[in-house]
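**Student:** I'd like to ask you about the structure that follows.
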Amino acid sequence: MTPLDNYYNVIEVSRRLKVHPETVKRLCRQGDLPADKIHNTWLISGDILDNFAGTYSPRRGARKKLIK
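For the sequence shown, my numbering assigns the number 1 to the initial residue and increments by one for each residue that follows.
Given below as structure tokens:
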């Protein structure tokens, strides 16, 4: 077992949360999703991801569609 086995990258997290990878990066930059940045890669702990995924709603704050 390597020390990084319980960490996930942006692509893996975006698939889990069903959002765009840039959304995951933004959540990390803003501090909403606690993560460690190593060089140019965000790494998110599996325990933190489990807690975050249980409370995160990807539709929160979504733009409303305009009706014409």
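Glycine included, each C-beta is placed from N, C-alpha and C at the ideal position. All of these numbers come straight from a predicted model, not from anything done at the bench.
Report the three-state DSSP secondary structure of L17 (helix, strand or coil).
**Tutor:** Three-state DSSP puts L17 in a helix.
**Student:** Look up D50 in the DSSP assignment and say whether it is helix, strand or coil.
**Tutor:** In this structure, D50 counts as helix in the three-state DSSP scheme.
**Student:** In the DSSP assignment, the beta strand (DSSP E) including D5 goes from what residue to what residue?
**Tutor:** That residue, D5, is in no beta strand (DSSP E); it is neither H nor E in DSSP.
**Student:** Can you give me the C-alpha to C-alpha distance between A53 and E22, rounded to a whole angstrom?
**Tutor:** Straight-line Cα distance between these residues: approximately 16 Å.
**Student:** Mapping the DSSP letters down to three states, classify L43 as helix, strand or coil.
**Tutor:** Strand, per DSSP.
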